[in-house]
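> Sharing a structure here in structure tokens format.
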Amino acid sequence: MSKKVRCYSTSSVNNQPSSKIVSEFLTDKNIKPVFIFEDLRYVNTKDKIKDQTKGLSGVYLILNKITIDFYVGSASTDKLFTRFYRHLINLTVSKIVKLAVNKYGIDNFVFIVLETFTEKTTVENNKNLIDVEDFYLKSLLPNYNILTEAGSSFGYKHTELDRIKMKANYSEERRMLIGNLNKNKQFSSTTIERMIQSALNRNKVEFNKEALDNMRKASKPIILYNIENNTVFGEYSSITDAALSLNCNQKTIYRALKTEKKVLLKRWIVNYK
Numbered sequence: 228m229s230k231k232v233r234c235y236s237t238s239s240v241n242n243q244p245s246s247k248i249v250s251e252f253l254t255d256k257n258i259k260p261v262f263i264f265e266d267l268r269y270v271n272t273k274d275k276i277k278d279q280t281k282g283l284s285g286v287y288l289i290l291n292k293i294t295i296d297f298y299v300g301s302a303s304t305d306k307l308f309t310r311f312y313r314h315l316i317n318l319t320v321s322k323i324v325k326l327a328v329n330k331y332g333i334d335n336f337v338f339i340v341l342e343t344f345t346e347k348t349t350v351e352n353n354k355n356l357i358d359v360e361d362f363y364l365k366s367l368l369p370n371y372n373i374l375t376e377a378g379s380s381f382g383y384k385h386t387e388l389d390r391i392k393m394k395a396n397y398s399e400e401r402r403m404l405i406g407n408l409n410k411n412k413q414f415s416s417t418t419i420e421r422m423i424q425s426a427l428n429r430n431k432v433e434f435n436k437e438a439l440d441n442m443r444k445a446s447k448p449i450i451l452y453n454i455e456n457n458t459v460f461g462e463y464s465s466i467t468d469a470a471l472s473l474n475c476n477q478k479t480i481y482r483a484l485k486t487e488k489k490v491l492l493k494r495w496i497v498n499y500k
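Using our numbering, read the sequence shown as starting at 228 and increasing by one per residue.
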């Protein structure tokens with residue numbers, strides 16, 4: 228997937244700059260998106276999304292302007308509009324997004340295209356798109372996403388061991404790499420892959436497969452909820468997985484589970500599934 232296009236055409240119905248809330252969110256996350264679409268209930272906004280994303284594949288973000296919760300996903304060639312429509316109009320993709328839209332209303336959501344590719348997505352090159360999506364997932368930690376890794380209808384997924392290693396290597400330094408992906412540059416698929424791998428290999432924590440398997444078997448699946456609005460932050464097959472993902476000690480999670488309120492790191496409510 229060598230042809231990557233960044234078309235800095237943003238925004239809402241009248242092609243005005245994005246709202247203050249959206250601008251502050253993007254600045255805080257160090258993101259310079261390709262497209263920003265607000266006022267999503269209007270027909271001409273839908274037409275713009277369909278027209279401006281035609282023939283493109285890419286990675287998108289759905290932002291709740293009230294709670295600043297968000298969802299990250301990817302779409303193959305000519306499917307960005309379909310993903311927008313199914314997520315926010317038909318409400319058939321994510322149960323969490325559906326509940327949020329029903330509660331806060333479509334006017335309080337923004338559809339943001341983070342990255343676009345012009346080359347047709349195929350089974351052979353789809354891994355490049357998924358790698359970029361996975362990079363945003365691990366860097367931004369979107370709390371509307373239940374899945375902890377990127378996947379697609381093409382069937383590519385990281386192995387369980389790879390996923391745990393990627394989470395274990397997460398750091399704030401990796402978050403800054405998003406800025407490098409967003410400086411109006413065009414990158415080949417090889418360059419993107421090198422950037423991602425370079426980020427994943429920083430401060431590498433080595434676990435052998437047997438040790439990881441033993442740790443997983445000794446723990447029950449858990450689920451985390453955002454403490455502010457009780458939405459699902461993530462589901463984990465074990466406390467070991469959660470500790471690696473959140474970059475905290477397993478004992479911290481165990482202690483939270485034993486308390487009455489089950490508050491973890493002042494951000495989440497944790498419980499067994």
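We treat Cβ as the ideally placed atom computed from N, Cα and C, and that holds for glycine.
Measure the Cβ-Cβ separation of L307 and Y287 and say whether it is below 8 Å.
Yes, Cβ-Cβ distance for L307 and Y287 is below 8 Å.
> S284: which of I276, N291 and N498 sits nearest, CA to CA?
Ranking the options by Cα distance to S284, first place goes to I276.
> Count the C-beta pairs between the segment 315-332 and the segment 477-489 that are closer than 8 Å, then say yes if the count reaches three, no if not.
They do not touch, by the three-pair rule.
> In whole angstroms, what separates the C-alpha of S464 from that of K447?
The alpha-carbon atoms of S464 and K447 are separated by roughly 7 Å.
> My understanding is that F344 touches L356, with C-beta atoms under 8 Å, so please give their C-beta distance in whole angstroms.
Indeed they touch by this definition, with Cβ atoms about 6 Å apart.
> For V340, which residues does DSSP report across the bridge?
The partner list for V340 (beta bridge, DSSP) reads F262 and Y287.
> Taking all protein chains shown into account, decide if D334 is buried (16 or more other Cβ within 10 angstroms of its Cβ) or exposed.
Per the 10 Å Cβ criterion, exposed.
> Assuming contact is defined by CB atoms lying nearer than 8 Å, are E360 and S301 in contact in what I supplied?
Yes.
> When you compare each of N372, S366 and S303 to N352 by their alpha carbons, which one comes out closest?
When only C-alpha atoms are compared, the closest one is S303.
> What does DSSP give as the partner residues of F297 in its beta bridges?
Paired residues: L290.
> Output the distance between the C-alpha atoms of L491 and G282, rounded to the nearest integer angstrom.
C-alpha separation (whole angstroms): 44 Å.
> With DSSP run on the structure shown, which of helix, strand or coil describes I480?
If DSSP states are grouped into helix, strand and coil, I480 belongs with the helices.
> Taking only the alpha-carbon atoms, compute the straight-line gap between F362 and E342 and give it to the nearest angstrom.
In a straight line, the C-alpha of F362 is about 12 Å away from that of E342.
> If you measure between the beta carbons of H314 and I295, is that distance less than 8 Å?
In this structure, I295 does not lie closer than 8 Å to H314 by Cβ.
> Pick from I263, R494, I293 and K365: whose alpha carbon is nearest that of Q279?
Here the closest residue by C-alpha is I263.
> Going by DSSP in three states, I449 sits in which element: helix, strand or coil?
Strand.
> Determine the DSSP secondary structure at E487, reduced to helix, strand or coil.
It is coil, neither helix nor strand.
> Can you list, in chain order, the residues of its chain with a C-beta nearer than 8 Å to that of N476? Leave out the 5 residues immediately preceding and following it.
If we look at N476 and ignore the five residues flanking it on each side, its Cβ neighbours are A470.
> Would you check if the distance between the CB atom of N291 and the CB atom of F336 is smaller than 8 Å?
It is a contact, given that the beta carbons lie within the stated cut-off.
> Does DSSP put Y463 in a helix, in a strand, or in coil?
Strand at Y463.
> Which one of L367, K322 and E487 has the shortest CA to CA distance from I258?
Here the closest residue by C-alpha is L367.
> Let me know if S250 comes out buried or exposed under the rule of 16 or more other beta-carbons within 10 Å of its beta-carbon.
Flag for S250 reads exposed.
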